[in-house]
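Numbering (mature numbering (1 follows the signal peptide of the UniProt record, and there is no 0)), first residue to last: -20 to -1, 1 to 280.
Have a look at this one:
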């Protein structure tokens, strides 16, 4: 009886060991099941230099000024060393025809950036200029447009916690922009600051972490075409707020990865607003097909 029990226990132990080995083999197989070659992705977060409110009354912030054009050229020279084979900008796929037409006119010398409305914008100053320098046939669209203000979240339990950090973030951003507008910072210094990992992490925390603490509140004047209030759960108003903005970035992510598949890109430069530069790396960190390249690796 005792021998039979011992035999049974030994068999069970052997079986358990075999199953454990199987589990380990599966885990190892999953770990090895990654792309052999990763697509490199650099995300240049930017202010919207083409908006009139950014440069009007601030001549030193005007990217068409002689000094700033020299800085743009220097920055593009450094970005060119990354040698992107795909350049993507903050326009939607629905706008691609217009992007193609305008880029062709610019590339062939039929129009200058000064002839283009919002020609000071980062999509033109960095995207178009760099594309022409690298002889790209096309500049690609990455955006999914939603006109939703971050000021729609206005109340709820723990709202003051969100509001405090949001105010800090706003203050830091305004101070950084003021320094640039007054001519006390170069374009490179300004962009390196807003693309600094610490600043990006803070941006992400303000927009996508802290709001989840806000409950039992409401949105104020959300745009009906983008926010269906009939499906907003006021009990989880902060989480609802996060989901609105995160959904947009997930769709931008989808535009990027599908463009890469179509174009077979190996090095992608994405030029977007700073908030997207804070969010998208968190998404791409979970995509083994991509390797994130910091702006500071080339812009020094």
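All C-beta atoms, glycine included, are put in the ideal place defined by N, C-alpha and C.
Item	Value
Taking just the CA atoms, how far does residue 82 sit from residue 177?	34 Å
If we ignore side chains and look at the alpha-carbon of each, how far apart do residue 68 and residue 209 end up?	33 Å
Residue 48 by DSSP, collapsed to three states: which one?	helix
Measure from the alpha carbon of residue 264 to the alpha carbon of each residue in 62, 21 and 199, then state which is nearest.	21
Starting from the C-beta of residue 232, find all residues in its chain whose C-beta is less than 8 Å away, skip the five residues before and the five after it, and write them out in chain order.	122, 123, 124, 252, 256 and 260
Looking at the unbroken alpha helix (DSSP H) that takes in residue 76, where does it start and where does it end?	76 to 87
Confirm, please, whether the CB-CB distance from residue 191 to residue 211 is below 9 Å.	no
Any idea what DSSP makes of residue 239, helix, strand or coil?	helix
Going straight from the alpha carbon of residue 11 to that of residue 268, what length do you get?	10 Å
Among residues of its own chain, excluding the 5 on either side of residue 254, which ones have a beta-carbon nearer than 6 Å to its beta-carbon?	25 and 174
Within this structure, are the beta carbons of residue 194 and residue 136 separated by less than 9 Å?	yes
CA-CA distance, residue 201 and residue 272?	37 Å
Helix, strand or coil, according to DSSP, for residue -20 in the structure here?	With a pLDDT of 49 at residue -20, under the threshold of 50, the modelled position of that residue is not reliable, and no figure is offered here.
Please report the straight-line C-alpha distance between residue 172 and residue 55, rounded to a whole angstrom.	11 Å
So what does DSSP say about residue 91, is it helix, strand or coil?	coil
Beta-carbon of residue 176 versus every beta-carbon of chain D: anything under 9 Å?	Considering every chain present, this structure includes no chain D. It has just one protein chain.
Is it right to say residue 3 is buried, meaning 16 or more other beta carbons lie within 10 angstroms of its own, or is it exposed?	exposed
Contact between the region 38 to 55 and the region 153 to 172 is defined here as three or more beta-carbon pairs at a separation below 8 Å; is this criterion met?	yes
What three-state label does DSSP hand residue 162 in the structure shown?	coil
Taking the alpha-carbon positions, what's the residue 248 to residue 279 distance?	16 Å
What span of residues does the beta strand (DSSP E) with residue 291 cover, start to end?	The chain is shown only over -20 to 280; residue 291 falls outside these bounds and no answer can be derived.
According to DSSP, which residues form a beta bridge with residue 199?	133
For residue 29 and residue 170, I'd like the C-alpha separation in whole angstroms.	12 Å
Could you check if residue 183 is buried or exposed, using at least 16 other CB atoms within 10 Å of its CB as the buried criterion?	buried
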